[in-house]
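Here the structure comes first, spelled out in structure tokens, and everything after it is commentary.
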């Protein structure tokens, strides 16, 4: 009875239910959620195992290493996808981006003057190169300007509806031409 009066103890006893129910529900409903939760559980188990194997004092450095590895992996994946997208979109644009990235990396190399032995300057060079690659080859193409009807999709839908209206009432074509009709662009009709 004392345990039921202490809200903190009650929350600690039944707390995992509030976490595990959504995990179980989402895992049962969606395959992607199941894979995400499995990966999270494996990562936690690996961190606990490494903590026992290497010692608890090295666990924070392991976590930092995991986060840095994930960040660099996501950045490199974005660079690889961006290189492919920009190459397929425009070879000239790709070459301009490549020249800009090479210019930024070359400028950093000249300014930092890293020595032949690995030290802090090489870490700064790697960071500058990584940031230049991510910003230079991010996989966004800036939309599809100048590709025809993609820019004015609202007009194309109204033109198809007005052309179907005018074709369905072909017997009253003389009436629609006297009241405005439909333009050759397909945008306006006299019944608006």
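Residue numbers (my numbering): 36 to 227.
Think of the CB as a built atom: it goes at the ideal place given N, C-alpha and C, for glycine as much as any other residue.
Give the C-beta separation of residue i and residue j to the nearest angstrom, bearing in mind that I take them to be a contact with Cβ-Cβ under 8 Å.
i, j, result
"residue 171", "residue 119", "About 14 Å; that fails the 8 Å criterion."
"residue 135", "residue 147", "Contact doesn't hold; Cβ gap of about 18 Å is too wide."
"residue 47", "residue 114", "That belief does not hold up - the Cβ atoms of residue 47 and residue 114 are roughly 45 Å apart, past 8 Å."
"residue 174", "residue 99", "Not really, about 27 Å apart at Cβ, beyond 8 Å."
"residue 58", "residue 72", "6 Å"
"residue 151", "residue 160", "Incorrect: roughly 13 Å between the Cβ atoms, too far for contact."
"residue 121", "residue 110", "Not confirmed; about 16 Å, so no contact."
Helix, strand or coil: which one does DSSP assign to residue i?
i, result
"residue 57", "helix"
"residue 154", "coil"
"residue 46", "helix"
"residue 173", "coil"
"residue 52", "helix"
Can you tell which of the options has the C-alpha that lies nearest to the C-alpha of residue i?
i, options, result
"residue 97", "49, 85 and 160", "85"
"residue 166", "143, 149 and 121", "143"
"residue 162", "92, 103 and 150", "103"
Just reading off the alpha helix (DSSP H) that residue i is part of, what are its end residues?
i, result
"residue 72", "66-89"
"residue 112", "94-124"
Comparing the C-beta of residue i with each C-beta of chain C, is any distance below 8 Å?
i, result
"residue 173", "Absent from the structure is chain C; it holds one protein chain and no more."
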